[in-house]
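Asks: This is the structure I have questions about; it appears just below.
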Amino acid sequence: MSRVQLALNVADLDSSIEFYSKLFDAEPAKVRPGYANFAIVDPPLKLVLIEHLEGRGHGTTGALNHLGVEVETPELVEAATGRLSGHGLEPEVQEASTCCYAVQDKAWVEDPDGAPWEFYTVLADAPQETGLGCSTESCQPELVTVKVAGSDRSCC
28 MSRVQLALNV ADLDSSIEFY SKLFDAEPAK VRPGYANFAI VDPPLKLVLI EHLEGRGHGT
88 TGALNHLGVE VETPELVEAA TGRLSGHGLE PEVQEASTCC YAVQDKAWVE DPDGAPWEFY
148 TVLADAPQET GLGCSTESCQ PELVTVKVAG SDRSCC
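In structure tokens, the structure reads:
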């Protein structure tokens with residue numbers, strides 16, 4: 028099952044968890060320092076909350092951190108990469124990237140206004156945050172970049 032991902036910057040993680048739990052009648056699937064995600068069944072949505080501290084995250088302003096489509100397998104990420112490349116979008120591909128408390132394969136593109144989109148699959152849980160968007164000063168990405176198309180994006 029594929030589902031759309033919406034990653035939001037939030038000022039207060041606890042109050043945001045409380046709000047979105049009520050809004051979608053669902054509890055978070057994962058809660059870590061400065062981070063939470065929901066696997067919402069109806070509508071099919073992966074909602075990610077990132078406690079936003081100035082100067083961290085993808086450099087976006089406001090509530091939007093990034094958007095994505097979660098797919099089930101690395102092969103589906105590869106298929107999306109091929110499709111995007113075929114349309115001239117030149118995705119940035121990352122394999123075994125550790126961020127959002129998970130090891131992921133992913134492909135990034137940006138829309139015409141610069142909003143970051145990712146196609147990704149979760150390979151494994153990760154015990155700590157190491158990518159951009161995390162809530163600690165010591166956050167350093169651990170990733171293998173296969174193709175970089177003019178971007179330094181490294182997370183989530």
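Each residue of the sequence shown is one higher than the one before, counting from 28 in our numbering. For every residue, glycine included, the Cβ atom is placed at its ideal position computed from N, Cα and C. Computed from a predicted structure; not experimentally measured.
1) Please classify V171: is it buried, with 16 or more other beta-carbons within 10 angstroms of its beta-carbon, or exposed?
2) For S29, report the span of its alpha helix (DSSP H) as first-last.
3) Do you know how far the Cα of L76 is from the Cα of F46?
4) Between P101 and D138, is the Cβ-Cβ spacing less than 7 Å?
5) Would you be able to state if there are at least three C-beta pairs under 8 Å between the stretch 148 to 155 and the stretch 91 to 100?
6) Using only alpha-carbon positions, find the residue among H93, E78, K49 that is nearest to D140.
7) Could you tell me the distance, in whole angstroms, from the CA atom of C127 to the CA atom of S48?
8) Beta strand (DSSP E) containing V149: first to last residue?
9) Would you list the residues sitting across from H114 in a DSSP beta bridge?
10) Roughly how many angstroms separate the alpha carbons of E122 and A106, rounded to a whole number?
11) Under the three-state reduction of DSSP, which class applies to Y47: helix, strand or coil?
12) Between H79, R110, G61, L50, which lies nearest to P70 when the distance is taken from Cα to Cα?
Replies: A quick look at the data gives this:
1) The predicted model places V171 with a pLDDT of 34, which falls under 50 and marks its position as unreliable, so this point remains unresolved.
2) Here S29 belongs to no alpha helix (DSSP H), and DSSP marks it neither H nor E.
3) Linking F46 to L76 through their CA atoms gives a straight-line distance of about 11 Å.
4) No; because the gap between Cβ atoms is not below 7 Å, this pair is not in contact.
5) Flag = yes, the stretch 91 to 100 and the stretch 148 to 155 touch.
6) Measuring from the Cα of D140, the nearest candidate turns out to be H93.
7) Taking C-alpha positions only, C127 is separated from S48 by approximately 19 Å.
8) Taken as a continuous stretch (DSSP letters only), the beta strand (DSSP E) holding V149 covers 143 to 152.
9) DSSP, once it has assigned bridges, lists no residue as partnering H114.
10) Taking the straight line joining both Cα atoms gives about 14 Å.
11) Helix, per DSSP.
12) When each option's Cα is compared against that of P70, the closest is L50.
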